[in-house]
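With my numbering as the guide, the letters of the sequence shown map in order to residues 7 to 336.
Backbone N, C-alpha and C define an ideal beta-carbon position, used for all residues, glycine too.
The structure appears right after this line, and notes come after that.
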Amino acid sequence: MNERSVTVLGVGAAVPDRVVTNDDLAAFLDTSDDWIARRTGIRQRRVAGLEMATSDLAVRAAWEALQGAGAGAGNLDLILVATSTPDHWMPSTAALVQHALGATRAGALDVNAACAGFTYAVATGAQFVLAGTYRSVLVIGADLMSRVVDWSDRSTAVLFGDGAGAVLLGASRRPALFHSILGADGSGAHLLEIPAGGSRLPPSSETVRDRLHSIRMQGREVFQFGVNILVRSLRQATEEAGLQIEDLALIIPHQANIRIIQSAAERLGVPLDRFWANLDRFGNTSAASIPLALAEAVSSGRVHQGDVLAFVGFGAGLTWGVNLVTWGGE
Ligand SMILES: CC(C)(COP(=O)(O)OP(=O)(O)OC[C@H]1O[C@@H](n2cnc3c(N)ncnc32)[C@H](O)[C@@H]1OP(=O)(O)O)[C@@H](O)C(=O)NCCC(=O)NCCS
């Protein structure tokens with residue numbers, strides 16, 4: 007236990023209203039509800055209209071987290087937005103969120119660790135609270151994956167969705183565990199990428215023609231990575247914190263594929279109901295997936311004061327992260 011502790015004071019989530027089912031996708035892709043559901047567990051996802059950008063959803067999730075904590079935006083010290091689908095290359099999405107919230111005292115920063123982004127941002131934000139530098143840090147995971155999916159590629163288009171989730175981090179008055187591990191292996195960068203649009207391959211009519219602004223993925227390799235890293239990182243994080251896997255009341259994994267979660271649960275010897283899964287309704291919302299699942303778990307009464315929760319994320323980079331958090335330690 008740290009002398010000074012950090013905890014989650016409030017949690018919020020937001021998704022677009024529009025539901026896109028597997029059958030909707032099968033209307034224009036060579037796929038089926040049966041294939042998608044069996045291979046991934048996904049049945050539907052939310053897709054934002056063009057009037058909405060990542061910051062709009064992020065702000066909605068943020069208000070809910072602040073409200074849940076009974077906190078005002080004026081006291082925020084720092085806003086971190088984990089996203090790989092920012093509104094713009096610059097300014098940061100976090101700066102747009104800061105303005106929309108009226109968080110006049112807060113610094114603002116985007117964190118890009120793809121689908122592991124939320125765990126990176128929680129680990130980063132928590133350090134400011136643990137160090138005593140800041141009292142109130144808003145961490146948001148938000149992505150509009152529908153904007154970067156190639157809608158003609160059935161191997162990726164069926165997987166992703168749009169969403170946002172947020173947590174307010176602050177000092178805990180009671181002893182509370184907080185432990186994070188972060189990892190990266192850039193040798194796997196090519197396994198999951200958006201090839202064009204950055205400094206390596208700037209936008210051109212050719213990059214647009216060749217659909218190089220959307221996600222390219224080697225699915226089987228990423229699947230294996232997902233299973234292995236869930237198992238390895240959860241073992242490492244719990245061991246470092248002096249816990250057993252059984253001590254985790256609830257594991258909130260990145261929502262990529264139910265078969266990844268099932269395989270990891272089996273290898274860890276943890277019953278599947280110890281993992282929260284909602285990807286059947288939202289698909290893979292990248293950096294939003296963990297806080298979106300957390301918000302649902304909390305509102306459904308599955309999370310109790312004193313529970314040790316594990317957030318575990320993995321994705322492009324390759325990157326991964328785990329946060330172990332005691333719930334309700336304020
Ligand atoms: C993408 C994924 C669902 C594919 O499942 P899979 O069981 O590995 O399937 P494969 O890639 O081996 O493809 C099997 C067949 O299904 C086909 N297929 C792929 N997508 C399909 C779809 N949406 N509908 C129907 N058939 C599809 C393939 O073309 C292939 O056909 P072939 O055998 O004739 O070549 C799976 O690899 C996966 O989930 N990977 C991890 C993805 C992920 O989580 N990414 C984000 C991480 S943050």
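When DSSP states are grouped into helix, strand and coil, E227 belongs to the helix group. The C-beta distance from P297 to A172 rounds to 6 Å, short enough to fall under 8 Å. Bridge pairing for G176: T13 and S142 [DSSP]. At least one heavy atom of ligand 1 falls within 8 Å of the beta-carbon of N263. Between the C-alpha atoms of V328 and E70 there is a straight-line separation of about 24 Å. In the structure shown, W326 falls within a strand segment according to DSSP collapsed to helix, strand and coil. Using a cutoff of 8 Å, the CB of I200 does not count as near ligand 1, since none of the ligand's heavy atoms is closer than that. Between the stretch 149-160 and the stretch 204-222 there are three or more C-beta pairs closer than 8 Å, enough to call the two in contact. S186 carries a strand assignment under DSSP once its states are collapsed to helix, strand and coil.
For Q104, the enclosing alpha helix (DSSP H) starts and ends at T99 to L107.
Out of S11, G334, A294 and G131, the CA that lies nearest to the CA of M151 is found in A294. In chain order, A271 place their CB closer than 8 Å to the CB of P277, counting only its own chain and leaving out the 5 sequence neighbours on each side. Comparing alpha-carbon positions, the option among A129, L240 and R226 lying closest to S186 turns out to be A129. A contact is defined here as three or more CB-CB pairs under 8 Å, and the stretch 242-259 meets this definition with respect to the stretch 310-327. For T89, the three-state secondary structure derived from DSSP is coil.
For W157, the shortest C-beta to heavy atom distance toward ligand 1 is 8 Å or greater. Residue state for L31 is assigned as helix, using DSSP reduced to three classes. Assigned with DSSP and collapsed to three states, Q268 falls in helix. In the assembly as shown, D149 is a buried residue. Its beta-carbon has 16 or more other beta-carbons within 10 Å. Under the three-state reduction of DSSP, P201 is assigned to coil, being neither helix nor strand. Classified as exposed, A195 has fewer than 16 neighbouring CB atoms from the shown chains inside 10 Å of its CB. Between A67 and A19, the gap from beta carbon to beta carbon is short of 9 Å.
For A32, same chain residues with a beta-carbon under 6 Å away, outside a window of 5 residues either side, are S38 in chain order.
The nearest non-hydrogen atom of ligand 1 is less than 8 Å from the C-beta of G321. Short note on V228: C-beta closer than 8 Å to some heavy atom of ligand 1.
The C-alpha of E246 is placed about 24 Å away from the C-alpha of V145. Between A88 and D116, the C-beta gap is smaller than 9 Å, which places the two residues in contact. For S11 against F184, the beta-carbon gap comes to about 6 Å, under 8 Å, which counts as contact. By the C-beta density criterion, H310 is exposed, having fewer than 16 other C-beta atoms within 10 angstroms. Residues of the same chain with a CB within less than 8 Å of the CB of L207, apart from the 5 flanking positions on each side, are P201, T213 and L218 in chain order. H260 has its CB nearer than 8 Å to a heavy atom of ligand 1. Boundaries around Q73 are those of the alpha helix (DSSP H), T60 to A75, since no beta strand (DSSP E) includes it.
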